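**Student:**
In the working numbering, the protein residues as written are 11 to 146.
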């Protein structure tokens, strides 16, 4: 019996939203990086602070998007725009540091393209004072 269940109908069931994986991973990374920063050497500390900024902003972005209703409140749209830009800029800082130091770039690029696809229409809608639909 696997895990103490004698038949498959006894297995616990639940619903899991795929987006929750992203938020859970980002929350873990945010806490883990934050715990390590006090122990990082002075030369690398700014790199890790940029990593933390990237992860924290991405976590804020995805958490807001996954929790928002169909139509975004102005405050939610503002948060998505602010955290999306912060994430993209902090990632750029991480990538530039990695390149300058000749180390492997921090792997976050696929989500960066996703931010661009979402941020542009939200910026246009904000500028034109139009409502925004949740990108999901």
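C-beta atoms are modelled at their ideal positions from N, C-alpha and C, and glycine is treated no differently.
Every value quoted in this text rests on a predicted model; they were computed, and no experiment measured them.
#1: Could you pull out every residue in the same chain whose Cβ sits closer than 7 angstroms to the Cβ of residue 65, ignoring the five residues on either side in sequence?
#2: Any idea which residues DSSP pairs residue 143 with across the strands?
#3: Is the segment 66–76 in contact with the segment 104–114, if contact means three or more CB pairs nearer than 8 angstroms?
#4: Give me the residue from 123, 87, 142 and 30 with the minimum Cα distance to residue 99.
#5: Give me the Cα-Cα distance between residue 11 and residue 53, rounded to the nearest whole angstrom.
#6: Give every residue of the same chain whose Cβ lies closer than 7 angstroms to the Cβ of residue 32, excluding the five residues on either side of it in the sequence, and list them in chain order.
#7: Using DSSP with H/G/I as helix, E/B as strand and the rest coil, what is residue 87?
#8: So, with DSSP's three-state summary, where would you put residue 138?
#9: Looking only at its chain, what residues have a beta carbon closer than 6 angstroms to the beta carbon of residue 57, apart from the 5 residues adjacent to it on each side?
#10: Using only the heavy atoms of the ligand FAD, determine whether one of them is closer than 7 angstroms to the beta carbon of residue 59.
#11: Assuming residue 132 and residue 90 form a contact by the criterion Cβ under 8 angstroms, report the distance between their Cβ atoms to the nearest whole angstrom.
#12: Which value, in whole angstroms, describes the spacing of the CA atoms of residue 137 and residue 97?
**Tutor:** Working from what's here:
#1: 36, 39, 40 and 43
#2: 81
#3: no
#4: 123
#5: Per-residue confidence for residue 11 stands at a pLDDT of 46, beneath the threshold of 50, marking its modelled position as unreliable; the derived number appears in the next sentence. Those two C-alpha atoms are separated by around 53 angstroms.
#6: 72
#7: helix
#8: coil
#9: 107
#10: As presented, the structure is devoid of all ligands, the ligand FAD included, so that no description of it is given.
#11: 6 angstroms
#12: 21 angstroms
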